[in-house]
Amino acid sequence: MGDISSHTKNTDTAITTMGKKVKVGAVQAEPAWWDLEGSVNKVISLIETAGKDGVNVLGFPEVFVPGYPWSIWTVDSFSNGELIHKYMANSLKRVSPEMDRIREAVKKAGIFVVLGYSERAGASVYIAQSFIDPTGQIVLHRRKIKPTGVERAIWGDGQADSLVNVFDSPQFGKIGGLNCWEHLQPLLRYHEYSQGVEIHVASWPYFCEDAEGVPHHIKADTNRSATQFMALEGACFVLLATQILTNEHRETVKIGEFPGMKSPGGGFAMIFAPDGAPLVKPIPAGEEGILTADIDLSAIDYAKQMIDVVGHYSRPDLLSLNVNKEAAKHVHYI
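Per UniProt numbering, the sequence shown runs over residues 1 to 334.
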């Protein structure tokens, strides 16, 4: 991983209004591809670095454990068979010695972490986020509601309980999270706003800025813009966390010569203010680091004076959202 601390970036100008002050961090780093133990070690190292730097809330990329298998988009499923078998074996169980190590690291650092990982549950895997508080407890757990495209051949759907995606932290405010193209689902975003999110963790895999010969919607700038729009629409702080890919591991991920995935590259991490403004200078796309910013949650009020989409800037008498909060069960006993 190298000296990750040397790449930590701070906001140039902290928001100075009076209110609850929080230091936030967004990870941009390469996973320990298909290696559960290596992934846990890297997660712990990043948590330790963030803790030493005074970060209060830290966001990780989508399926950072054990990495995003981009070859599911570029190689046929039969050729990917052995890789996916290995991938499932190295996915992280929510209740496991490996998770206990991560939870202990969070407790020792005294921070709040939103961890993105491929969750192994029985014989299935899910694109998951666990919210771990400074005592090391998982206080909220969710799964991606609808995996995107060919992801559905690997990961299962989240159920209704995963719609609750905001936790009210006594120390650091209301913290929410979504994975990747969940940010393109307007009703899902709206439901999160209704939960009063103040700090949102946007977990993403890696996308390239200058990708040629690929649809525009899988380019880094497009998905950065989608995340920025959530900050603007929801009037909340947003931590955009992403993976990267180095030349060393191009063969490991079996990306081949796919034009959309250049290496080193793929990182597009950022921290956005409630009015959509970028708060930090980006880390170069192929480098690892933790973006950090000192924020003041009272700045949200200034943004919501203009735009509160679940308050004064809404018309629930004309448009409203129905939500099923009951998770479906595979077996019913009568």
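Glycine included, every Cβ here is placed at the ideal spot set by N, Cα and C.
These figures come from a predicted structure and were not determined experimentally.
Taken through DSSP and simplified to helix, strand or coil, Pro61 comes out as coil.
When DSSP states are grouped into helix, strand and coil, His330 belongs to the coil group. Judged by their CB atoms, Leu140 and Phe167 are nearer to each other than the 9 Å cut-off.
Here His200 is buried: its Cβ has 16 or more other Cβ atoms, across all protein chains shown, within 10 Å. In the structure shown, His183 falls within a helical segment according to DSSP collapsed to helix, strand and coil. In the three-state reduction of the DSSP assignment, Ser71 falls in the helix class, which pools H, G and I. For the 9 Å CB-CB criterion, Ala285 and Glu209 form a contact. For Gln195, there is no enclosing alpha helix (DSSP H), as DSSP marks it with neither H nor E.
Comparing alpha carbon positions, the residue from Ala220, Leu115, Pro264 and Leu239 closest to Val65 is Leu115. When secondary structure is reduced to three states using DSSP, Arg250 falls in the coil class, being assigned neither helix nor strand. Closest option to Cys180, judged by alpha-carbon separation, among Gln305, Pro31 and Phe60: Phe60.
Glu326 places its beta carbon less than 9 Å from that of Ala160. Around Asn324, the same chain offers Ala160 as residues with beta carbons nearer than 7 Å, after the five sequence neighbours per side are excluded.
A straight-line Cα-Cα distance of about 16 Å links Ala293 and Ile175.
With contact defined as three or more Cβ pairs closer than 8 Å, the segment 36-47 and the segment 96-109 are in contact. Here Phe78 is exposed: its Cβ has fewer than 16 other Cβ atoms, across all protein chains shown, within 10 Å.
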